[in-house]
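Residue numbers (my numbering), protein chains in the order written: chain A, 97 to 572; chain B, 735 to 952.
The structure appears right after this line, and notes come after that.
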Ligand code: SF4
C-alpha cells in the first residue's frame with residue numbers, strides 16, 4: 097500500500113467510510129485516548145509551560161542539527177556503539193541486512209519503529225530470507241494479517257477484540273478462539289518469549305538520542321523493546337536524524353509531553369537508556385550495538401524555513417486522535433506510513449506532492465491538531481502550505497512535486513476570474529445573469545462533485561453592490 | 735552508497751542551510767517539575783507506583799530481612815534469580831537456604847544463564863534511586879546485577895531505600911550524567927509490564943514482569 101504510485105485517495109476514503117465497524121472501532125479508541133490525554137494534563141497553565149518548553153528544546157536541537165549529529169556520533173563511537181548513515185530507506189535496509197549477514201543472523205525480533213515502516217524493512221528482509229518479527233503486541237497482531245499500522249502509537253487500533261481473536265485463532269498454531277483480552281495477551285506472551293530467547297538480533301526505534309552522552313532513549317510499556325535491545329547478541333537501532341536532542345536535561349519535559357499526549361501516562365512503564373553494548377565484566381546486553389541514522393527526506397524538510405517545524409514532531413499521535421477526519425476514516429485510508437494531520441504534512445514532502453499531495457486536502461482546517469500538538473507545530477498552516485504548493489510557488493521551493501497539481505483548466509479559470517474582476521462592466525452583467533439563472537444552473541461535472549456534499553448556495557437576484565447603489569448604506 | 739558518503743552528503747545538505755538562532759522560552763513559560771520536600775517524596779512515589787499496579791511493601795530498615803522473608807513466603811516462587819553484586823546478596827543467600835525457594839545467582843554470561851533465567855519464577859534487584867514525581871525506580875544494571883534480571887522473570891522484587899528517593903526525573907538524570915560516563919544501561923520502571931493494544935483494554939505482564947513488588951526500606 098505504501099509508496100503506491102497509483103494510490104487513489106478518494107477511493108480509499110470511500111472504502112473506509114463504507115465500513116461501519118471500522119468507524120466504530122476508531123471512534124471508541126480515539127474518544128478513549130483523548131479523554132486520557134485531557135485527564136493527565138489537568139492544569140492548563142502547566143501544560144502551556146510544558147509545550148513552550150518542549151517546543152524550545154526541539155527547536156534548539158534542530159537549530160544545531162548537523163553539530164549535534166556529529167556530537168552524537170562521536171559519543172556513541174566512544175561508548176562502543178557503531179554508527180551508520182543512510183540517505184534513503186533502501187540504503188538503511190541494505191546496511192541492516194549487511195550487519196545481520198555479518199553475524200549469520202536470520203531471526204530478527206523487532207521493537208516498534210516507525211522509521212522501519214518508512215523504509216519497508218520487514219518486506220525487504222523477508223525477501224532476503226531473514227525473519228523480521230514484530231513484537232509490540234499491536235504490531236504483532238497486524239503482522240499476522242499482513243497489514244500496516246493504522247495509528248503510530250496503537251497500530252492495531254482498527255481491530256476490535258473479535259477481530260484480534262480471529263487473527264490469533266487463524267494464525268497461531270493451536271490457539272483457541274477467545275475474545276478475552278487477558279487470554280489473547282497471554283497467547284502473544286507465550287509465542288513471543290520463545291522468539292526473544294532464540295533471536296539472533298534485535299531491532300528497535302529510538303525516541304530520543306542524547307548528543308551529550310551518546311545515549312539512546314526508548315519509551316515503552318510492554319517490555320518487548322527491552323527484550324529486543326537486551327536479549328539478542330546484536331542490537332540495531334534505527335532512527336530518523338530528527339530524533340537527536342542536546343542534553344540529558346532536555347528529556348524531562350519531552351518525556352512528559354510524549355507519554356501524556358500519546359497515552360495519557362505520567363510516564364511509561366519503562367524508560368530504557370542505552371549508552372553502550374555489553375562492557376567488560378558485564379554478563380548480558382548485546383555484544384554489538386549499531387545505530388543507523390536515517391535521512392529519507394528529512395534534510396529536504398530541514399531546508400524549508402516554515403515546514404522544517406514539522407521535524408519537531410515527537411510522534412505522539414495526539415494530532416490524529418483529535419482530527420475529525422482521521423477519527424472517521426482511520427489510518428489506512430491515508431495510504432501512508434504516517435496518517436492524520438502530521439502524515440498529511442510529512443507524506444507529501446517525503447513522497448512528493450504529485451503522489452500524495454491530496455492528503456493535505458483531508459482536513460477541515462479546524463485546527464484541532466495544532467491545539468493539542470505538544471511541540472506546537474502549526475499543522476493547519478502547514479496543511480494550507482502543502483495545498484498551495486500543489487499549485488506551484490515562487491522559486492526557492494524545496495517541496496517535492498511542487499506545482500504538480502496545477503491543471504490547465506484551473507489556470508484558465510483563475511485567469512478568467514482575474515479578467516472579470518478587473519472589468520467591472522462585464523462582471524456586473526455576468527452577475528446579473530447568474531442572479532437570474534443561478535438556481536437553474538445544472539449540477540454537472542465539478543459542480544456536481546462539489547454539491548454532492550454541500551448545499552448549493554442560492555444566488556440573490558441582485559448583487560450587494562447593486563443593492564448599495566440603489567438603497568445606499570444605512571449607518572445605525 | 736557507503737555510510738561515509740551518506741554522512742558527507744547528509745551533513746553538507748544540513749550545513750547548506752543556516753537556521754536562525756535557537757528560540758528561547760519566556761521565563762514565565764519555562765517548565766520544570768515541582769520539587770518535593772523529603773517527607774512528601776515517599777508518599778508520592780508510593781501513590782504513583784500503586785496506581786501503576788506495583789505492590790509496595792513498606793518496612794523499617796532494621797527489619798528488612800524479616801519483611802523479605804515474609805514476602806517470599808507470601809509469593810512462594812520456586813526459584814529466585816539475583817545478582818551476586820547486590821548489596822543484600824549475602825543475607826539473601828542465608829535467607830533462601832532456610833526457605834523453599836531455590837536460589838539462582840546470575841553469575842555467568844547470558845549465553846549460559848539465559849535459558850535458566852527464562853525458566854525462573856522471580857527475581858530480586860537493588861534499586862539505585864526512586865523518583866517521586868512520576869513514581870519510578872531507577873535501575874542501573876551492571877556486572878553485579880545484569881540487565882535481564884529485572885526483565886525476564888514474571889515477578890520482579892525491587893529493594894529500594896526511602897532515603898534514595900529523589901524528587902524529580904531531572905534530578906535523577908543529573909546524578910546519572912555527573913560521572914565521567916553513563917552506565918551502559920539505565921532503566922526506569924514504574925510498574926509491571928502492560929499493554930492496551932487490544933481495544934485499549936489494559937492487560938498486565940505482556941512481555942516483562944507481571945508483578946513488580948517494591949520492598950521499601952524506611
Ligand atoms: S505533529 Fe504534534 S501532535 Fe502530531 S504526532 Fe507530532 S508531536 Fe504529536
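Glycine residues also receive a C-beta, built at the ideal position from the N, C-alpha and C atoms.
Out of curiosity, what's the CA-to-CA distance linking residue 344(A) and residue 351(A)? The residue labelled residue 344(A) in the question sits at position 248 within the first chain. The residue labelled residue 351(A) in the question sits at position 255 within the first chain. When rounded, the distance between both Cα atoms is 11 Å.
Taking the alpha-carbon of residue 847(B) as reference, which of 463(A), 451(A), 402(A), 327(A) has the nearest alpha-carbon? Counting from one through the second chain, the residue named residue 847(B) turns up at place 113. Answer by Cα proximity: 327(A).
Verify the CB distance criterion: does residue 340(A) have a CB-CB separation below 8 Å to chain B? Mapped onto the first chain, residue 340(A) falls at position 244. For residue 340(A), no Cβ of chain B is located within less than 8 Å of the residue's own Cβ.
Would you mind stating whether residue 417(A) and residue 126(A) have Cβ atoms separated by less than 8 Å? Working through the first chain from its first residue, we reach residue 417(A) at position 321. Working through the first chain from its first residue, we reach residue 126(A) at position 30. Yes.
Going by beta carbon distance, what residues of the same chain come within less than 6 Å of residue 830(B), once the five residues before and after it are set aside? Locating residue 830(B) in the second chain gives position 96, where the first residue counts as 1. Excluding sequence neighbours, residue 830(B) sits near 837.
Output needed in chain order: residues of the segment 252–277 of chain A with a Cβ under 7 Å from some Cβ in chain B. Those residues of the segment 252–277 of chain A that come within reach of chain B (Cβ to Cβ, closer than 7 Å) are 252, 256, 257, 260, 277.
Between residue 839(B) and chain A, is the shortest Cβ-Cβ distance under 8 Å, so that the two count as touching? Residue 839(B) sits at position 105 when you count from the first residue of the second chain. With 8 Å as the cut-off, residue 839(B) does not count as an interface residue toward chain A.
Within 8 Å, strictly: CB atoms of residue 193(A) and residue 307(A): Here residue 193(A) refers to the residue found at position 97 of the first chain. Here residue 307(A) refers to the residue found at position 211 of the first chain. Contact check for residue 193(A) against residue 307(A) fails: the beta carbons are separated by 8 Å or more.
For residue 843(B) and chain A, any beta-carbon pair shorter than 8 Å? Here residue 843(B) corresponds to residue number 109 of the second chain, with the count starting at 1. Chain A contact via Cβ: present.
Taking one C-beta from the segment 248–262 of chain A and one from the segment 905–923 of chain B each time, how about it: are there three or more such pairs within less than 8 Å? The segment 248–262 of chain A, when compared against the segment 905–923 of chain B, does not touch it at the 8 Å Cβ threshold.
As assigned by DSSP and simplified to three states, the class of residue 767(B): Working through the second chain from its first residue, we reach residue 767(B) at position 33. If DSSP states are grouped into helix, strand and coil, residue 767(B) belongs with coil.
CB-CB under 7 Å to residue 786(B), same chain, minus the five flanking residues each way: which ones, in chain order? Sequence index remark: in the second chain, residue 786(B) carries index 52 (1-based). Cβ contact annotation for residue 786(B) (same chain, cutoff 7 Å, sequence separation greater than five): 869, 924, 925, in chain order.
Taking all protein chains shown into account, do 16 or more other C-beta atoms lie within 10 angstroms of the C-beta of residue 540(A), making it buried, or fewer, making it exposed? Numbered from its first residue, the first chain carries residue 540(A) at position 444. Taking a 10 Å sphere around the C-beta of residue 540(A), we find fewer than 16 other C-beta atoms and assign the residue as exposed.
Under the criterion of a Cβ to heavy atom distance below 7 Å, does residue 388(A) qualify as lining the ligand SF4? Residue 388(A) sits at position 292 when you count from the first residue of the first chain. Outside the cutoff, so no.
Does the Cβ of residue 738(B) have 16 or more other Cβ atoms within 10 Å, making it buried, or fewer, making it exposed? Counting from 1 along the second chain, the entry for residue 738(B) is found at position 4. Around the C-beta of residue 738(B), fewer than 16 other C-beta atoms lie within 10 Å, and the residue is accordingly described as exposed.
Excluding the 5 residues flanking residue 119(A) on each side, which residues of the same chain have their C-beta closer than 7 Å to its C-beta? As a position in the first chain, residue 119(A) is number 23, starting the count at 1. 424, listed in sequence order.
If you measure from the CB of residue 409(A), is any heavy atom of the ligand SF4 nearer than 7 Å? Along the first chain, read from residue 1 onward, the residue named residue 409(A) stands at position 313. Taking non-hydrogen atoms of the ligand SF4 into account, the C-beta of residue 409(A) is found less than 7 Å away from one of them.
Any C-beta of chain E under 8 Å from that of residue 737(B): Of the chains in the structure shown, none is chain E; the protein chains are A and B.
Which first and last residues belong to the beta strand (DSSP E) in which residue 366(A) is found? Locating residue 366(A) in the first chain gives position 270, where the first residue counts as 1. It spans 366–370 - the beta strand (DSSP E) in which residue 366(A) sits, taken as one unbroken run.
Run through chain B and tell me which residues come within less than 7 Å of residue 155(A), C-beta to C-beta. In the first chain, the residue the question calls residue 155(A) occupies position 59. Neighbours of residue 155(A) in chain B, taken as residues at a C-beta separation under 7 Å, are given in chain order as 756, 757.
Please find out if some non-hydrogen atom of the ligand SF4 comes closer than 7 Å to the beta-carbon of residue 397(A). Within the first chain, numbered from 1, the residue matching residue 397(A) stands at position 301. No, Cβ of residue 397(A) sits at least 7 Å from all heavy atoms of the ligand SF4.
So what's residue 335(A) in DSSP terms, helix, strand or just coil? Residue mapping note: residue 335(A) aligns to position 239 of the first chain, counting from 1. Strand at residue 335(A).
Between which two residues does the alpha helix (DSSP H) holding residue 840(B) run? The sequence position of residue 840(B) within the second chain is 106, counting from 1. No alpha helix (DSSP H) holds residue 840(B); DSSP gives it neither H nor E.
For a contact defined as C-beta to C-beta under 9 Å, what are the partners of residue 645(A) on chain B? Because chain A in this structure spans residues 97 to 572, residue 645(A) falls outside the shown range and cannot be described.
Figure out for me which residue from 551(A), 571(A), 548(A), 536(A) has the closest Cα to the Cα of residue 557(A). For this step, residue 557(A) is matched to residue 461 along the first chain. Nearest of 551(A), 571(A), 548(A), 536(A) to residue 557(A), Cα basis: 536(A).
Whole runs of the alpha helix (DSSP H) within the segment 797–843 of chain B, excluding any shorter than 4 residues: Whole alpha helix (DSSP H) segments, 4+ residues: 798–809, 823–831.
Can you find a CB in chain B that lies within less than 8 Å of the CB of residue 234(A)? For the purposes of this step, residue 234(A) is taken as the residue at position 138 of the first chain. Answer yes: the Cβ-Cβ gap between residue 234(A) and chain B drops below 8 Å somewhere.
Please say whether residue 809(B) and residue 889(B) have beta carbons closer to each other than 8 Å? Along the second chain, one-based indexing puts residue 889(B) at 155. Along the second chain, one-based indexing puts residue 809(B) at 75. One thing to note: residue 889(B) has its Cβ within 8 Å of the Cβ of residue 809(B).
Taking 8 Å as the threshold (beta carbon to beta carbon), is residue 108(A) in contact with chain B? If you number the first chain from 1, residue 108(A) lands on position 12. At a cut-off of 8 Å, the C-beta of residue 108(A) has no neighbouring C-beta in chain B.
Beta-bridge pairing of residue 513(A) - partner residues as DSSP gives them: Residue 513(A) sits at position 417 when you count from the first residue of the first chain. DSSP lists no partner for residue 513(A).
Opposite residue 920(B) in the DSSP bridges: which residues? As a first step, residue 920(B) must be located in the second chain, where it is residue number 186. Paired residues: 369(A).
So, does the CB of residue 890(B) fall closer than 8 Å to a CB anywhere in chain A? Residue 890(B) sits at position 156 when you count from the first residue of the second chain. With a threshold of 8 Å between beta carbons, residue 890(B) makes no contact with chain A.
Could you check what DSSP says for residue 201(A) in three-state terms: helix, strand or coil? Locating residue 201(A) in the first chain gives position 105, counting from the first residue. Residue 201(A) falls in the coil class under three-state DSSP.
Beta carbon of residue 314(A), beta carbon of residue 368(A): below 8 Å? By one-based count along the first chain, residue 314(A) stands at place 218. By one-based count along the first chain, residue 368(A) stands at place 272. The Cβ atoms of residue 314(A) and residue 368(A) sit closer than 8 Å to each other.
Can you name the residues that DSSP bridges to residue 872(B)? Locating residue 872(B) in the second chain gives position 138, where the first residue counts as 1. Beta-bridge pairing links residue 872(B) to 863(B), 922(B).
Taking Cβ positions only, does residue 139(A) come closer than 8 Å to chain B? As a position in the first chain, residue 139(A) is number 43, starting the count at 1. Nearest CB-CB separation between residue 139(A) and chain B: not below the 8 Å threshold.
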